[in-house]
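In our numbering, the protein residues as written are 266 to 390. Every residue gets a Cβ at the ideal spot worked out from N, C-alpha and C, and that includes glycine. Data block below; observations after.
Below, the structure is given as structure tokens:
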């Protein structure tokens, strides 16, 4: 989520992905959507990401993190009911591309409930 400030006729965009060493997307799944989607942006110089998922619902769901332009899937993981999963990209695909990503939770039979944390870093996680 980018913050925008209007000052006179100028719009300044401040991205939370440029101000700290690591950046995290924190997403609470409320169990109110079948296949929720959220945008995520990896800044240039942050080639490592880690995904933590906690499923507190009664049904499994699948988490997909995909680069929008390259159509590359970085993570595609099934998370069973009650499970906590941690995935680190440098285990499977070192140095992910910067740019826009789409994070999709495929709910299948149920409404996904839990939490998704996606962290980017300059150093391997």
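In this model, residue 381 and residue 321 are separated by some 11 Å (Cα to Cα). Our two residues, residue 340 and residue 297, have alpha carbons roughly 23 Å apart in a direct line. Under the three-state reduction of DSSP output, residue 336 falls in the coil class, being neither helix nor strand.
Going by DSSP, residue 380 is part of the beta strand (DSSP E) stretching over 378-386.
Inter-residue distance for residue 314 and residue 330 is about 10 Å (C-alpha atoms, whole angstroms). For residue 364, the uninterrupted beta strand (DSSP E) segment begins and ends at 364-371.
Of the residues assessed, residue 377 falls on the buried side of the cut-off, its CB having 16 or more other CB atoms within 10 angstroms. Bridge pairing for residue 324: absent [DSSP]. Counting only the Cα atoms, residue 360 lies some 32 Å from residue 295.
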